[in-house]
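Report on the following structure.
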Amino acid sequence: MHTKAFDQFKSVLAIDTLVKQFKNEKLYKSIDVRGIITLNYKEKQTEYCFDQFGHFYKDGVLLSNIPLMEFIKGLIYAK
């Protein structure tokens with residue numbers, strides 16, 4: 194298991210903006226979880242499980258957000 198923390202203002206702001214673009218997923222009933230993104234706010238922590246294709250899971254709801262997944266991949270694989 195690997196953990197990577199992002200605290201650069203630009204990255205955090207971009208993730209916060211992309212999180213607002215979730216759409217309910219109607220085609221998938223489950224996903225093959227490959228990672229978890231945890232967002233820490235002042236008094237709140239939110240977690241989303243995700244697969245490599247841009248499908249996310251939170252609180253029993255499947256969501257889709259390909260732009261967020263592409264951004265996460267860019268952060269993870271950045272040198």
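Heads up: the sequence shown begins at 194 in the working numbering, then just goes up one per residue. Heads up, the beta-carbon is just placed ideally off N, CA and C, and yes, glycines get one too. This one's a predicted model, so the numbers in the text were calculated from it and none came from an experiment.
- K203 sits in a helix when the DSSP states are folded into three classes.
- Taking 8 angstroms as the cut-off, the Cβ atoms of F264 and I208 count as close.
- Taking the C-beta atoms as reference points, F215 is found no nearer than 8 angstroms to L255.
- Secondary structure of G228 (DSSP, three-state): strand.
- By alpha-carbon distance to L206, the top candidate from Y234, Y250 and G247 is Y234.
- A direct Cα-to-Cα measurement between Q238 and L232 gives close to 6 angstroms.
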